[in-house]
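Engineer: Residue numbers (mature numbering (1 follows the signal peptide of the UniProt record, and there is no 0)): -34 to -1, 1 to 1013. Here it is, the structure, as structure tokens.
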């Protein structure tokens, strides 16, 4: 633990250990499996296709695919891909083998044996598959209701709108088991309720002066920026700070390594807030002008209600806000609290200059997005600073408009208390939000931080000051915080992520250069193959029915909710409409967000029918092995009446299906791709080879499933063209063409998206092939090429990258009185009104006394119940603190275990242990060890590593063994998700505790292993796993071109 004051490249001992880890349990192969002796004989019909790799589900890396005589032979980086710096990793190159794998699923199949046995898969036609799917799902809907079906998705192969959105609309279900519950979702949700969707996504490509890498090993894979882009920028930074219990490859290059105790990230974030306040490093101009820091809280007032347009409002029409907005209650002081008939959208602060210096109230009008006495107008281009001039990241930086407050005579009191009288005549004390924030971190000193995290107090302070102290004359922060996956997987993730976001807000790194900007805005994205015509979310249908009651005019297609009649003054909001989600009472915010239902609640509903039975489901790229407890999940899947899986390979979850549908590889399809993070890249996954004839792209499968339900008389199965004059396209290429015809800026027949200059899909393809990746900053100068969009009116809009438009605009579409953020009060919210309403007050309605509102409204550190400090686990029996989830260079979560290039490099799951711990336990390099909690135990191979502290260990996640037989494929042997506490969720948003778990570790011996076999073997027939790179079974997975040709 400490500042890395050797040279940044000189950790030779640790580097040697890192390199040695690659040899864990594996002998050197006799011959590299990459050899291809027949390449020269195939001829010389060669083409290169520029495309976007999907070898992992995280980055949009631009690549060139070389095709020789119709066969992919090489993948390499595309230098036009500025957002990935021309990177091409091992997963990308190895994914060729997936396209030609002998075990690939080439045809629809149905189960012929009972669940729990080898499924006995039998090939069927697409017609038979769709007929069965339509019949079975409609039977479940008719008998149990649509909510009895749940959807499952992981991180996308290419396109997973089905489980995240469309299947919810189709089945009328709020229930979805999706990876975002423990991967990016907590970060997105905490941004959603405080500033913008995806607020933590950092513009790393800009190049921060100080790079803060918080968690994971993003040099291998990450949601927003990773690989070469990360390596370049961390090396260019003046200072690199790595916060991670484990020394990662990028971490060993850092100037500061803060190797905190696993799961204590929240404590460090609170301590950094304390340091920033203590050293007066707050960006006061931003905090006072664009956050709710000055708004007054009346803590002993019963929270009062209002309706507000925000990101969860199904339809965002500001003039109808009081009728269709999100229903929220808050202790923030509003005009409606002070006088009868007052507006709930005017929020009060205390102006020290009012009444000739005596002080008085001043309001923020969330409808006009103006402070009282101000008339903010968007700055013009000539008033903005040009940053990163001459690079791909060139953009415009508006000045902060704090001077408007000064001209209006406003000087906020951020710390004092003031007596106010409410409309009912009662008197109360009001205190500003900032005072609550300061009080919440007052005791979070560096010494307090040391007690929680184990970090050296001086090092914590020095690193924080290096990040938060700006050079003289710099008008923006040193860079945001690159908040990665790790905090999402801790049982206190909501407060942890909020605490980290507050650091960005406090220091003015929100939507600034190299700051935390949210999701890239573009005029085109993969939504081009998205919404199925007139179909729409259930909450939108209900809102449109409400708008019919308001206007007296038809708003909702007549075949939806034909018998529903609503009163204009009682239109339900999203949370009310989706309140039948399983777990909605335990985690009230989840129906409001509507992305996931808690995984454990889903599994328990499958098993015991509480609160109602889940009877069917569909999976598209997801896995039951990624959260909660995989053993519990396996039992739950066995109880389902009907399960459909869309996949390329047989997987443990696939073997529980009744119908399997074969999907396509990324080299076989066309689809638009844009940066998921803040890099601004716009490109295309372009078809390089023809797909096997009986496989389909996920969009096309979704289309057929909708039709299967429509044929059973279900109006939710309606899938229309964009024009709405006929059925929607059955092939995604046709849908893409229709989309460009509809939305191009020149001649589009529907809403025209500025910057979408391509009238046809072929135009876009040709442009991309000839000129390479497109820069969103150039074609979206307002929505993306400009920083501090809260100043310009181009931030307060919906979440979708290409369809979102400012909520309040003039006739030309330019924002008017639309400043600030898409939050209920239009400010960056330290005091989140949605968090207050759902996470605290509604939770207390369902379980009185559950939470202390004042304590929880500001982030605080409370150890998760299943952690070492949670008081639930006997640390004498379980003395080692385990973390997991690190990025592995050749795998992406559970993917690629059957690709021989990957598996020969990393044949078996590794348990990283400090050598001193291993010695005490009698363990040596390569030994197999049991890892056990009270909820389960698995085996992994010991890998001695000085980069993790004594008393801690790091296990690999999502392991299964394709070489073992169905149905389990060994998913219970080494998968660390089998040992988690299924009830160790975050108490607010349900994300599961998987990092910082006390375990016991002991040597696997013949006496304590099934059948006396130390190396894991299949429970079905005793087959041994592949654990050595020289295993001849790896060669059985080499590409088989003949099978593909026949298919």
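Cβ atoms here follow ideal geometry from the backbone N, Cα and C, with glycine treated the same way. Computed from a prediction, not measured in an experiment: that's the story for all the values here.
1) I'd like the span of the beta strand (DSSP E) that includes residue 597, first residue to last.
2) Please list the terminal residues of the continuous alpha helix (DSSP H) segment that includes residue 28.
3) Measuring straight from C-alpha to C-alpha, what distance separates residue 131 and residue 177?
4) Alpha carbon to alpha carbon, how far is residue 634 from residue 1? Give it in angstroms, no decimals.
5) If I'm right that residue 481 touches residue 443 with Cβ under 8 Å, what's the distance once you round it to whole angstroms?
6) Cα separation between residue 172 and residue 69?
7) Have a look at the DSSP bridge pairing and note the partners of residue 57.
8) For residue 712, which three-state DSSP category applies?
9) Beta-carbon within less than 7 Å of residue 157's beta-carbon, same chain only, minus the 5 sequence neighbours each way: which residues are those?
10) Spell out a yes or no on whether the region 793 to 810 and the region 423 to 442 are touching, meaning 3 or more CB-CB pairs, one atom from each, closer than 8 Å.
11) I want to know whether the region 847 to 863 touches the region 968 to 975 - three or more CB-CB distances under 8 Å.
12) Are residue 370 and residue 340 close, meaning C-beta to C-beta below 8 Å?
13) Short of 6 Å in beta carbon distance, which residues of its chain neighbour residue 951, apart from the five on each side in sequence? Order them along the chain.
14) Quick check: the region 111 to 125 against the region 17 to 26, are there 3 or more CB pairs under 8 Å?
15) Taking only three categories from DSSP, how would you classify residue 847?
16) Just to confirm my understanding: we take residue 940, look at its own chain, exclude 5 residues before and 5 after, and list those with CB closer than 7 Å. What are they?
17) If you draw a straight line from the alpha carbon of residue 449 to that of residue 456, how long is it in whole angstroms?
18) Can the beta-carbon of residue 648 be found less than 8 Å from the beta-carbon of residue 490?
19) Mind checking whether residue 86 and residue 664 have CB atoms under 8 Å apart?
20) Round the Cβ separation of residue 508 and residue 543 to the nearest angstrom and send it over; I've been treating them as touching at under 8 Å.
21) Taking all protein chains shown into account, do 16 or more other C-beta atoms lie within 10 angstroms of the C-beta of residue 812, making it buried, or fewer, making it exposed?
22) According to DSSP, is residue 556 helix, strand or coil?
23) Quick one: using the 10 Å Cβ neighbour count with 16 as the cut-off for buried, is residue 312 buried or exposed?
24) Can you name the start and end residues of the alpha helix (DSSP H) that residue 194 belongs to?
25) Between residue 788 and residue 276, which are expected to be in contact by the criterion C-beta below 8 Å, what is the C-beta distance as a whole number of angstroms?
26) Buried or exposed, going by whether 16 or more other CB atoms sit within 10 Å of the CB of residue -12?
27) Does residue 324 pass the burial test, meaning 16 or more other C-beta atoms within 10 Å, or should it be called exposed?
28) Roughly how many whole angstroms lie between the Cα atoms of residue 561 and residue 143?
29) Please classify residue 1007: is it buried, with 16 or more other beta-carbons within 10 angstroms of its beta-carbon, or exposed?
30) Taking all protein chains shown into account, do 16 or more other C-beta atoms lie within 10 angstroms of the C-beta of residue 841, making it buried, or fewer, making it exposed?
31) Within the same chain, show all residues whose beta-carbon is closer than 6 Å to that of residue 112, passing over the 5 residues directly before and after it, in chain order.
32) What does a CB cutoff of less than 7 Å around residue 537 pick up in its chain, not counting 5 residues either side in sequence?
33) Should the region 874 to 893 be regarded as contacting the region 256 to 267, the criterion being three or more beta carbon pairs within less than 8 Å?
34) May I have a chain-ordered list of the beta strand (DSSP E) segments no shorter than 3 residues that lie completely inside the region 870 to 928?
35) Tell me, which residues are paired with residue 395 by DSSP?
36) Under 8 Å Cβ to Cβ from residue 317, same chain only, skipping five residues before and after it: list those, please.
Structural biologist: For this structure:
1) Secondary structure note for residue 597: it is in no beta strand (DSSP E), and the uninterrupted alpha helix (DSSP H) holding it is 596 to 604.
2) For residue 28, no alpha helix (DSSP H) segment is defined; the enclosing uninterrupted segment is the beta strand (DSSP E) at 28 to 34.
3) 35 Å
4) With a pLDDT of only 45 at residue 1, under the threshold of 50, the placement of this residue in the model should not be trusted; the figure read from the coordinates follows. The alpha-carbon of residue 1 is positioned some 24 Å away from that of residue 634.
5) Yes, residue 481 and residue 443 are in contact; Cβ-Cβ is about 6 Å, under 8 Å.
6) Those two C-alpha atoms are separated by around 43 Å.
7) Looking at the DSSP output, residue 57 sits in no beta bridge, so it has no partner there.
8) coil
9) 163, 164, 165, 166, 467, 484
10) Verdict: no, contact absent.
11) The region 968 to 975 and the region 847 to 863 do not touch, with fewer than three beta-carbon pairs separated by less than 8 Å.
12) yes
13) 958
14) yes
15) strand
16) 875, 904, 905, 906, 925, 982
17) For residue 449 and residue 456, the distance between alpha carbons rounds to 14 Å.
18) yes
19) no
20) Residue 508 to residue 543, Cβ: 5 Å. Contact.
21) exposed
22) DSSP places residue 556 in helix when its eight states are reduced to three.
23) buried
24) 193 to 202
25) 6 Å
26) Low per-residue confidence applies at residue -12: pLDDT is 32, beneath 50, and the placement is therefore not dependable, though the value from the model is reported in the following sentence. Under this definition residue -12 is an exposed residue.
27) exposed
28) 9 Å
29) exposed
30) It is exposed - the Cβ of residue 841 has fewer than 16 other Cβ atoms within 10 Å.
31) 137, 138, 139
32) 289, 290, 509, 512
33) no
34) 876 to 879, 894 to 899, 902 to 910, 918 to 921
35) 385
36) 325, 326, 327, 328, 375, 376, 377, 378, 379
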